[in-house]
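In my numbering, the protein residues as written are 866 to 1227. Even glycine gets a Cβ: it sits at the ideal position worked out from N, Cα and C.
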Ligand code: DAS
């Protein structure tokens, strides 16, 4: 039995589907095209969705299976679209960095400009999925659906969630209702906007939510049921990264009882052009940290106040005099996403008032 055949059995242990060599339909060949069906391009980067158990225990290895194996393991995908794809990386997403973000942004912008491609699905680890989704949301300039998807449990685990998540992601990418909504995330039967989604459980399902806005819609049997949003989604800023091969260094300082002022100095000494504070409460700062960040801001380093608290907003001038210190308030963006946006804004400006405008506009 081939590796893919074994995989199919692992992922669908109770599936009546025959192994790949038994089936006469064979693999999904990249590039196959049936007239009238949408063409989806899969960019695989690794993560648990491409992982598999390496023992009977909870231990598994992320980033093992190639994208063809993922497609072949979900027979229902065959009827939804024609596929092409590539393995951009095969890593656990804790190892994702700005260079992979830029590579993905360059490649997605190429793909969405291709009239033969109707949508893009990106398989990704869940640990930093929200940050990659946010970066692409801010750098991809097309209404075509771009959907990120991951899994909490690897192939072969009881209750493996990858196949259903992947089917949902392709359903979203092939739906005309998904166009123009920015980069989307499909996980555990919910559809989220890249800007708002965050991972809230490292083991239980559902593992993602959007604390301040809720999901954009629900996915049931491959159909999308959009929630009713008041007003139109604000027009997203789009940053051109086509000529960038790196991003400005931005660090995050985590707030807690007691001071972490020396760590602010360490970020300044490391050459950060921006610092994001994951503050307590509504983005509040220990007095020593406030002093250290005010000093950094005075030296032209952009300081953004966000919060370690998942629900709620970090607004200007509530308990911290942002006007006085030249700080930026992150609004409903969590610290890791505030960092993504700040890195991109710093490619354009270092002025706090212009940075605040960019945050208010996203
Ligand atoms: N380590 C995690 C990652 O690759 C596994 C996962 O949840 O995908 O993000």
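Let me confirm a value: residue i is counted as buried when at least 16 other C-beta atoms fall within 10 Å, else exposed. Which label applies?
i: residue 1217; result: buried
i: residue 1085; result: exposed
i: residue 1221; result: buried
i: residue 948; result: buried
i: residue 1204; result: buried
i: residue 959; result: exposed
i: residue 1044; result: exposed
i: residue 997; result: buried
i: residue 1036; result: buried
i: residue 989; result: buried
i: residue 1227; result: buried
i: residue 1066; result: exposed
i: residue 1040; result: buried
i: residue 906; result: buried
i: residue 932; result: buried
i: residue 1188; result: exposed
i: residue 1064; result: buried
i: residue 1175; result: exposed
i: residue 1194; result: buried
i: residue 901; result: exposed
i: residue 1073; result: buried
i: residue 1122; result: exposed
Whose C-alpha, out of the options, is nearest the C-alpha of residue i?
i: residue 941; options: 1110, 1030, 1112, 1211; result: 1030
i: residue 1055; options: 1013, 1210, 1067, 1143; result: 1013
i: residue 909; options: 1149, 926, 934; result: 934
i: residue 1026; options: 997, 985, 944, 1068; result: 1068
i: residue 1173; options: 1196, 1032, 1072; result: 1196
i: residue 987; options: 978, 979, 980, 965; result: 965
i: residue 1020; options: 916, 1153, 1121, 1214; result: 916
i: residue 1124; options: 1018, 901, 1142, 1182; result: 1142
i: residue 980; options: 1009, 969, 952; result: 1009
i: residue 1192; options: 1181, 1075, 971; result: 1181
i: residue 968; options: 1001, 1082, 1048, 1175; result: 1001
i: residue 945; options: 926, 991, 1032, 993; result: 1032
i: residue 1223; options: 1100, 914, 1039; result: 1100
i: residue 1166; options: 1049, 1040, 1135; result: 1135
i: residue 1093; options: 1207, 1024, 1082; result: 1082
i: residue 992; options: 1017, 1011, 972; result: 1017
i: residue 1024; options: 1208, 914, 1219, 1145; result: 914
i: residue 971; options: 1168, 1199, 1104, 1208; result: 1104
i: residue 1111; options: 962, 1076, 1194, 1075; result: 962
i: residue 1170; options: 1120, 1089, 951, 1074; result: 1120
i: residue 1034; options: 1186, 1087, 1144; result: 1087
i: residue 1235; options: 926, 1075, 1213, 978; result: As displayed, the chain neither begins before 866 nor continues past 1227, which places residue 1235 out of reach and without an answer.
Counting only the same chain and skipping the five closest in sequence on each side, list residues whose C-beta sits under 6 angstroms from that of residue i.
i: residue 1202; result: 999
i: residue 983; result: 903, 904
i: residue 1078; result: 1061
i: residue 1211; result: 1113, 1138, 1139
i: residue 1133; result: 1161
i: residue 1190; result: 1159, 1162
i: residue 1149; result: 1184
i: residue 887; result: Reliability fails at residue 887, whose pLDDT of 34 lies under 50, so the model's placement of it is uncertain and no value is given.
i: residue 953; result: 908, 910
i: residue 1178; result: 1196, 1197
i: residue 1126; result: 1153, 1154, 1157
i: residue 857; result: The question about residue 857 has no answer here: the residues shown for the chain are numbered 866 through 1227.
i: residue 1116; result: 1132, 1137, 1140
i: residue 1145; result: 1120
i: residue 1208; result: 1112, 1113, 1115
i: residue 1200; result: 1117, 1141, 1143, 1171
i: residue 976; result: 906, 982, 985
For ligand 2, I want to know if residue i counts as a neighbour, meaning its beta carbon is within less than 8 angstroms of at least one of the ligand's heavy atoms.
i: residue 1092; result: Absent from the structure shown: ligand 2. Ligands present: ligand 1.
Once the 5 residues before and after residue i are set aside, which same chain residues still bring their CB inside 8 angstroms of it?
i: residue 974; result: 1004, 1005, 1006, 1007, 1107
i: residue 1059; result: 995, 998, 999, 1001, 1002, 1013, 1047, 1048, 1049, 1050
i: residue 1089; result: 1036, 1037, 1040, 1042, 1043, 1056, 1082, 1083
i: residue 978; result: 1007
Would residue i count as contacting chain C if we go by Cβ distances under 9 angstroms?
i: residue 1012; result: The structure shown contains no chain C, having only a single protein chain.
Less than 7 angstroms between C-beta atoms, sequence neighbours within five positions excluded: which residues of the same chain meet that for residue i?
i: residue 1102; result: 1003, 1223, 1226, 1227
**Q.** Heavy atoms of ligand 1 versus C-beta positions, residues under 6 angstroms
**A.** 912, 913, 927, 957, 958, 959, 990, 991, 992, 1015, 1017
Q.
Could you tell me which whole beta strand (DSSP E) segments of length 3 or greater appear in the stretch 1101-1151?
A. 1115-1119, 1139-1144
Q: List in chain order: all unbroken alpha helix (DSSP H) runs of 4+ residues lying wholly within the stretch 1149-1216.
A: Complete alpha helix (DSSP H) runs here, min 4: 1152-1163, 1187-1190, 1200-1210.
Q) What alpha helix (DSSP H) runs, 4 residues minimum, are completely inside the stretch 941-1002? A) 963-977, 994-1002
Q. Which residue spans inside the stretch 993-1067 form an unbroken beta strand (DSSP E) run of at least 3?
A. 1011-1014, 1049-1052, 1055-1058
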